[in-house]
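Residue numbers (this note's numbering): 408 to 888.
Printed below as a string of structure tokens:
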């Protein structure tokens, strides 16, 4: 089982989980979907679902009791019933499910995975497949990075040029960005609001909340290319960025730019019911503000100490608007240096020390340090590894990270620059994503035991068509890259 359960007491015998198994109780349809069972079973074996008043289980805990003819999942919520069903699914072997009792409660409320669809547009079939994989491993958040310098993927009806222009770039880097080579192949794509609503509903049925991210005020070159009035005067028109790296273009601080941001957030919140909305806020280059008369006027009007403080001003404006919509802003930990509002959730990425700094400042924190959770990093420095942005980040390091008891949760990141295909994405994601799943759900750490359970888990990934990196000494995947 991955992630490891809180406790397991083995019994005797097997439960026959197959196409004839019946499911009864609340949320039976959702559990049938998890288990891959038909709407009506005609066998003697039954999965019984019960909602119970048990505070010790929290919002997502469950008790799974398996006997030869009956498997019972007891939980305080639909989420707990679903996670119990996922455990039942993982326990299933060729002869059935071993009898016994599982009691299981997650450590963290936020167990997330960030998928970057801005650098490379991903088809909806890809995103649905990953929702299924997240649910299998009891992740409950899909953080969708929808915009960046290299592409804008969210349909905004008030500003159609964002997808008409901002969703397309003329070429992409070939090989490593430092080589300066390009493929000269146009790349583009975006998601309609209807498509994203469907994804949100699909994910919700599997216990996964989709948290959207729109980057403000940096990483905004695609938006500025589409709507030049968002940017600053320059010697040449701004285009959607074709290279990787960080753009120096930032949103200006005009009232019109603020109205634009509010338009985007209004439409975003109509599509995504998540209580959290990510506003980016990382890697903001302030050179354009430093030389802008408009920025100087805004600094004076707001009583700010200087143009660098406009970073935090943007964060407070956006967080305030989201608060009025009944949502909470999430931002990367760069915002922590610029007087963020206390109710802003900080996603700490620049190191373990940033997790601690955000906690000291009184914020809810999602631990996402690049040193332990950036799965776009190469797993090894062996010659067989494909090109990556950084690394190595071995499985053992990922598994060993303990974010502590004070955080809201933890999250894995899969930035897209060097993961253009499903094959490359799978290779970097798995099996390290299994390690993150366990670090986010379970309290204990036993690398040897995890490795043994992972070996037993890999055939399940094989059956789901996941092209994971095989844990061999050479670091070469079994898939063609």
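Even glycine gets a Cβ: it sits at the ideal position worked out from N, Cα and C. Note that the structure is predicted; figures quoted are calculated from it, not measured.
Residue i versus residue j - alpha carbon distance
i           : j           : result
residue 861 : residue 841 : 8 Å
residue 440 : residue 731 : 36 Å
residue 413 : residue 512 : 6 Å
residue 883 : residue 793 : Note that residue 883 has pLDDT 39, beneath the 50 cutoff, so the model's placement of it is unreliable and no number is given.
residue 555 : residue 800 : 25 Å
residue 534 : residue 612 : 14 Å
residue 425 : residue 472 : 17 Å
residue 706 : residue 636 : 19 Å
residue 818 : residue 848 : 11 Å
residue 614 : residue 691 : 34 Å
residue 881 : residue 789 : The predicted position of residue 881 is uncertain, since its pLDDT is 43 and thus under 50; a value taken from the coordinates is nonetheless stated next. Roughly 7 Å separates the two Cα atoms.
residue 592 : residue 649 : 10 Å
residue 739 : residue 767 : 16 Å
residue 462 : residue 667 : 44 Å
residue 846 : residue 835 : 18 Å
residue 887 : residue 872 : With a pLDDT of only 35 at residue 887, under the threshold of 50, the placement of this residue in the model should not be trusted, and no figure is reported.
residue 655 : residue 694 : 7 Å
residue 578 : residue 764 : 40 Å
residue 697 : residue 628 : 18 Å
residue 589 : residue 464 : 53 Å
residue 551 : residue 822 : 11 Å
residue 748 : residue 726 : 8 Å
residue 356 : residue 608 : Only positions 408 to 888 of the chain appear in this structure, which leaves residue 356 out of reach.
residue 843 : residue 476 : 34 Å
residue 665 : residue 560 : 20 Å
residue 452 : residue 683 : 41 Å
residue 581 : residue 796 : 13 Å
residue 576 : residue 838 : 32 Å
DSSP state of residue i mapped onto helix, strand, coil
i           : result
residue 870 : helix
residue 886 : Residue placement at residue 886 cannot be trusted, given a pLDDT of 42 that sits under 50; what the coordinates show is reported in the next sentence. The answer is coil: DSSP assigns residue 886 none of H, G, I, E or B.
residue 561 : strand
residue 687 : strand
residue 739 : strand
residue 527 : coil
residue 549 : strand
residue 824 : coil
residue 454 : strand
residue 881 : Note that residue 881 scores 43 on pLDDT, short of 50, meaning its location in the model is unreliable; the coordinates nonetheless yield the value given after this. In this structure, residue 881 counts as coil in the three-state DSSP scheme.
residue 660 : coil
residue 434 : coil
residue 862 : helix
residue 744 : helix
residue 676 : helix
residue 854 : helix
residue 810 : coil
residue 539 : helix
residue 749 : coil
residue 444 : coil
residue 631 : helix
residue 439 : helix
residue 654 : coil
residue 640 : coil
residue 681 : coil
residue 714 : helix
Cross-strand partners of residue i (DSSP beta bridge)
i           : result
residue 670 : Note: residue 670 sits in no beta bridge, so no partner.
residue 554 : 559
Limits of the unbroken beta strand (DSSP E) element including residue i
i           : result
residue 494 : Looking at the DSSP string, residue 494 is not in any beta strand (DSSP E); the run it does join, the alpha helix (DSSP H), is 485-498.
residue 817 : 816-821
residue 523 : 517-523
residue 429 : 429-431
residue 506 : 504-511
residue 415 : 414-422
Element boundaries [alpha helix (DSSP H), containing residue i]
i           : result
residue 834 : 829-836
residue 848 : 839-848
residue 647 : No alpha helix (DSSP H) holds residue 647; DSSP gives it neither H nor E.
residue 708 : 700-709
residue 694 : 694-697
residue 891 : The requested residue 891 is not part of the displayed model; the chain covers only 408 to 888.
Write down every uninterrupted run of the alpha helix (DSSP H) in the segment 456-482 whose length is 4 residues or greater and which is fully enclosed by it, in chain order. Entirely contained in the segment 456-482, not one alpha helix (DSSP H) run reaches 4 residues.
At which residue ranges does the segment 753-807 contain complete alpha helix (DSSP H) runs of 4 or more residues, listed in the order of the chain? The segment 753-807 contains these whole alpha helix (DSSP H) runs: 759-767, 777-780 and 802-807.
Sequence ranges, beta strand (DSSP E) only - wholly within the segment 564-627, length at least 3: Fully enclosed beta strand (DSSP E) runs of 3 or longer: 616-623.
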